[in-house]
Amino acid sequence: MAEANKKDLILDINDLVIHYETEDGVVEAVNGLDIQLEHGKTLGLVGETGSGKTTTALSILRLVPDPPGVIKNGSIILDGKDVLNMPIKELEAIRGNLVSMIFQDPMTSLNPVLTVGEQIAEVIALHEEGGEKEAAQKAGDMLEVVGIPRERYGEYPHQFSGGMKQRVVIAMALACNPKLLLADEPTTALDVTIQAQVLETMKQLREKYGSAMIMITHDLGIIAEVCDEVSVVYAGQIVEHGTLEDVFESTLHPYTEGLFGSLPNIEERRERLQPIPGLMPDPTDLPKGCCFAPRCKYCTAECEKARPEKKWVNDTHYVRCTRYNEPDFKIERSER
Amino acid sequence: MGAAKTNGAAHTGATVKKRSQAAEIWRRLKKNRMAMLGLAVVLLLVLISIFADFLFDYDTIVIKQNTQIRLQSPSGEHWLGTDEFGRDILARIVHGSRVSLSVGVVAVSISLMIGGTLGAVAGFYGGKVDNVIMRFMDILLAVPSLLLSITIVSALGPSIFNLMLALAISSVPGYARIVRASVLTVKDQEFVEAARCIGANNFEIIASHIIPNCMAPIIVQVSLKVASAILSTSGLSFLGLGVKAPTPEWGAMLSGGRAYLRNAPHLTIFPGIAIIITILSLNLLGDGLRDALDPKLKK
Numbered sequence: 091m092a093e094a095n096k097k098d099l100i101l102d103i104n105d106l107v108i109h110y111e112t113e114d115g116v117v118e119a120v121n122g123l124d125i126q127l128e129h130g131k132t133l134g135l136v137g138e139t140g141s142g143k144t145t146t147a148l149s150i151l152r153l154v155p156d157p158p159g160v161i162k163n164g165s166i167i168l169d170g171k172d173v174l175n176m177p178i179k180e181l182e183a184i185r186g187n188l189v190s191m192i193f194q195d196p197m198t199s200l201n202p203v204l205t206v207g208e209q210i211a212e213v214i215a216l217h218e219e220g221g222e223k224e225a226a227q228k229a230g231d232m233l234e235v236v237g238i239p240r241e242r243y244g245e246y247p248h249q250f251s252g253g254m255k256q257r258v259v260i261a262m263a264l265a266c267n268p269k270l271l272l273a274d275e276p277t278t279a280l281d282v283t284i285q286a287q288v289l290e291t292m293k294q295l296r297e298k299y300g301s302a303m304i305m306i307t308h309d310l311g312i313i314a315e316v317c318d319e320v321s322v323v324y325a326g327q328i329v330e331h332g333t334l335e336d337v338f339e340s341t342l343h344p345y346t347e348g349l350f351g352s353l354p355n356i357e358e359r360r361e362r363l364q365p366i367p368g369l370m371p372d373p374t375d376l377p378k379g380c381c382f383a384p385r386c387k388y389c390t391a392e393c394e395k396a397r398p399e400k401k402w403v404n405d406t407h408y409v410r411c412t413r414y415n416e417p418d419f420k421i422e423r424s425e426r
Numbered sequence: 011m012g013a014a015k016t017n018g019a020a021h022t023g024a025t026v027k028k029r030s031q032a033a034e035i036w037r038r039l040k041k042n043r044m045a046m047l048g049l050a051v052v053l054l055l056v057l058i059s060i061f062a063d064f065l066f067d068y069d070t071i072v073i074k075q076n077t078q079i080r081l082q083s084p085s086g087e088h089w090l091g092t093d094e095f096g097r098d099i100l101a102r103i104v105h106g107s108r109v110s111l112s113v114g115v116v117a118v119s120i121s122l123m124i125g126g127t128l129g130a131v132a133g134f135y136g137g138k139v140d141n142v143i144m145r146f147m148d149i150l151l152a153v154p155s156l157l158l159s160i161t162i163v164s165a166l167g168p169s170i171f172n173l174m175l176a177l178a179i180s181s182v183p184g185y186a187r188i189v190r191a192s193v194l195t196v197k198d199q200e201f202v203e204a205a206r207c208i209g210a211n212n213f214e215i216i217a218s219h220i221i222p223n224c225m226a227p228i229i230v231q232v233s234l235k236v237a238s239a240i241l242s243t244s245g246l247s248f249l250g251l252g253v254k255a256p257t258p259e260w261g262a263m264l265s266g267g268r269a270y271l272r273n274a275p276h277l278t279i280f281p282g283i284a285i286i287i288t289i290l291s292l293n294l295l296g297d298g299l300r301d302a303l304d305p306k307l308k309k
């Protein structure tokens, strides 16, 4: 989408740079990240812990903890509105309404002393006209939508299992029909069977309400299941972006390939997993050139000189890798 | 789904919630026998102080002196005996409960409102605001609370209201510290961030997410402070800075009976027992309430 039709975008992030300025140094969490997301589409943000995924999501709500977080550069246009230059009142009006967030751990993201119904009703009461009764009624409806009986309205979070709590969180996030849903590793804290249920619920509801979604995860399986587009994040920058097919079928970036290589394959159990060697670079001291260069087996002297630019291979697929300047360059891909 | 049906279901849902929340706390409180005992005694005291005028007439029994029957031991006519001016001790204790309870409740409410707000603001906003508020609290804390109360009462002049105010001001720092400490532990939890994500502003976050999570220590502090306010009132009355004679007040009765301790110990024993019972029952009730209000402790 080099020349995306701007009208259709729910979210347009350009060249976002976020630093955490701590006493021990400047942590470069997000370094020139771009996201263009159309209405109703789902984008997967994949990357390791500490690659800046959550910071990006928080910045869309302008909730990056400040201090120490500073948004250095870039623009975030949410449904035609500039989030970074918005008065607080307006921000509070869109949070939970136009855009809402699902947190990683449902155990801690619900208030232990309020009933689940009250917590859902709170979102509705904050953003919609009508009294408390109406909000309570709609909160009951939302509980049923996510598959929890209405009778459990008056129960407290500790009376729910993890999967049920995450459903409550999803109900809260969807209560005001947001146009954009930010899901920050929504299934990481859940066990596998519950993961599937929760994902299925999210998928159905998202389709029902027509919300766009950013799914933050490090699980490529989840990406394959729910996403239309994928952005692979490394050290606060998107190193490869494309449609699901682009990224899964014609992987370009060595890091993306490394992610696939570290997945277990049920048909190839004799083979050992191939972890990516090394660790993420220290975000207070990122390399001058390509951030992945120190771990990359294709790395050349050229790679360490400058940050690679976006290289579009077709309308929907780009990669940031210096080696693709060489016409014949190809990465080795494992069988899968 | 039909609109009518949705309505009906939602109403049931909402009413179930309202009923069950209050009922739930009541049910848990009922299980705690000591708390129920405390509650019963507190209620009894409240009733006694409300209906004190029906039990004993103020002008003819409580403050009228009759030196002919002074220092009598408990008898059929005067159940708890008479004091050094021949006044019925039971009647004075009953009327004294009005002063003690109202001073306790009003002083604690004032200091809870001021101290709680200051503590919540200091804890939530942190930084400079926190520093300014808490250093001011430290200044108040540096003065012993009884001395502070004495200073305030002597500056404003002795009266029941000034007594309440003095006691309230001297216990503000305690509330501020307790509330601030709990706010600090609660405000970094994820559900506060989640509340921000749904568009709640600072006031809503403090009022509906942070304060309810800080209730347990506040309730315990309140029940203890009502008791200590009653004690301080007695202390200040003893110094002549609180309730003025002949108004009956438990502390003043204690100090009045001090001179007759050897020959007529009932002058000090009975007001002392009244103070002990009140304080003990308030503490029992406070403890029970804390357990009942905490949904996580439910069995």
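Protein chains in written order, with the working numbering: chain A, 91 to 426; chain B, 11 to 309.
Heads up, the beta-carbon is just placed ideally off N, CA and C, and yes, glycines get one too.
What does the alpha-carbon distance come out to for the pair residue i and residue j?
{"i": "A/Thr291", "j": "A/Leu280", "result": "14 angstroms"}
{"i": "A/Val320", "j": "A/Ile166", "result": "19 angstroms"}
{"i": "A/Val409", "j": "A/Asp195", "result": "32 angstroms"}
{"i": "B/Ile221", "j": "B/Phe213", "result": "11 angstroms"}
{"i": "B/Lys28", "j": "B/Arg37", "result": "Residue confidence is low: B/Lys28 scores 48 on pLDDT, short of 50, so the model does not pin down where it sits. Its coordinate-derived value is still stated next. Spanning the two alpha carbons is a distance of roughly 14 angstroms."}
{"i": "B/Arg102", "j": "B/Leu39", "result": "33 angstroms"}
{"i": "A/Ser149", "j": "A/Ser352", "result": "30 angstroms"}
{"i": "B/Val131", "j": "B/Asp140", "result": "7 angstroms"}
{"i": "A/Leu204", "j": "A/Gly244", "result": "9 angstroms"}
{"i": "B/Ile279", "j": "B/Asp93", "result": "12 angstroms"}
{"i": "A/Met303", "j": "A/Arg296", "result": "8 angstroms"}
By the DSSP assignment, the beta strand (DSSP E) with residue i in it spans what residues?
{"i": "A/Tyr324", "result": "319-324"}
{"i": "A/Asp102", "result": "99-112"}
{"i": "A/Ala302", "result": "302-307"}
{"i": "B/Asn172", "result": "Unbroken run through B/Asn172 is the alpha helix (DSSP H), 170-197; no beta strand (DSSP E)."}
{"i": "A/Leu168", "result": "159-168"}
{"i": "B/Val253", "result": "It is not in any beta strand (DSSP E) - B/Val253 carries neither H nor E in the DSSP assignment."}
Kindly say whether residue i, judged by its beta-carbon, lies nearer than 8 angstroms to any beta-carbon of chain A.
{"i": "B/Phe64", "result": "no"}
{"i": "B/Ser218", "result": "yes"}
{"i": "B/Asp297", "result": "no"}
{"i": "B/Phe134", "result": "no"}
{"i": "B/Glu200", "result": "yes"}
{"i": "B/Arg206", "result": "yes"}
Taking CB distances under 8 angstroms as the criterion, tell me whether residue i reaches chain B.
{"i": "A/Ser149", "result": "no"}
{"i": "A/Ser301", "result": "no"}
{"i": "A/Asp195", "result": "yes"}
{"i": "A/Met262", "result": "yes"}
{"i": "A/Met191", "result": "yes"}
{"i": "A/Asn187", "result": "yes"}
{"i": "A/Glu212", "result": "yes"}
{"i": "A/His308", "result": "no"}
{"i": "A/His459", "result": "Here chain A comprises residues numbered 91 to 426, so residue 459 of chain A is not present and cannot be evaluated."}
{"i": "A/Ala39", "result": "The structure shown has nothing for residue 39 of chain A, since chain A only spans 91 to 426."}
{"i": "A/Leu153", "result": "yes"}
Indicate whether residue i and residue j have their beta-carbon atoms separated by less than 8 angstroms.
{"i": "B/Gly296", "j": "B/Ser233", "result": "yes"}
{"i": "A/Gly164", "j": "A/Leu99", "result": "no"}
{"i": "B/Ile215", "j": "B/Ala205", "result": "yes"}
{"i": "B/Phe95", "j": "B/Arg80", "result": "yes"}
{"i": "A/Gly137", "j": "A/Val323", "result": "yes"}
{"i": "B/Pro281", "j": "B/Leu264", "result": "yes"}
{"i": "A/Gly122", "j": "A/Thr374", "result": "no"}
{"i": "A/Val213", "j": "A/Gly186", "result": "yes"}
{"i": "A/Thr146", "j": "A/Val120", "result": "yes"}
{"i": "B/His88", "j": "B/Pro258", "result": "no"}
{"i": "A/Thr307", "j": "A/Glu275", "result": "yes"}
Can you tell me where the alpha helix (DSSP H) with residue i in it begins and where it stops?
{"i": "A/Asp274", "result": "Here A/Asp274 belongs to no alpha helix (DSSP H); instead the beta strand (DSSP E) covers 270-274."}
{"i": "A/Gly122", "result": "Segment 115-128 is the beta strand (DSSP E) holding A/Gly122; no alpha helix (DSSP H) there."}
{"i": "A/Ser199", "result": "196-199"}
{"i": "B/Arg145", "result": "137-152"}
Mind checking who residue i pairs with in its DSSP beta bridge?
{"i": "A/Gln327", "result": "A/Tyr324"}
{"i": "A/Val189", "result": "A/Arg185, A/Leu270"}
{"i": "A/Leu133", "result": "A/Ile304, A/Glu319"}
{"i": "A/Tyr408", "result": "A/His331, A/Trp402"}
{"i": "B/Lys74", "result": "According to DSSP, which records beta bridges pairwise, B/Lys74 is partnered with nothing at all."}
{"i": "B/Asp69", "result": "Paired residues: none, contrary to the question."}
{"i": "A/Asp172", "result": "A/Ile167"}
{"i": "B/Thr92", "result": "B/Asp98"}
Scan the stretch 196-208 of chain A for residues whose Cβ lies nearer than 8 angstroms to a Cβ of chain D and list them as they occur along the chain. Although the question refers to chain D, the structure presented lacks it and instead comprises the protein chains A and B.
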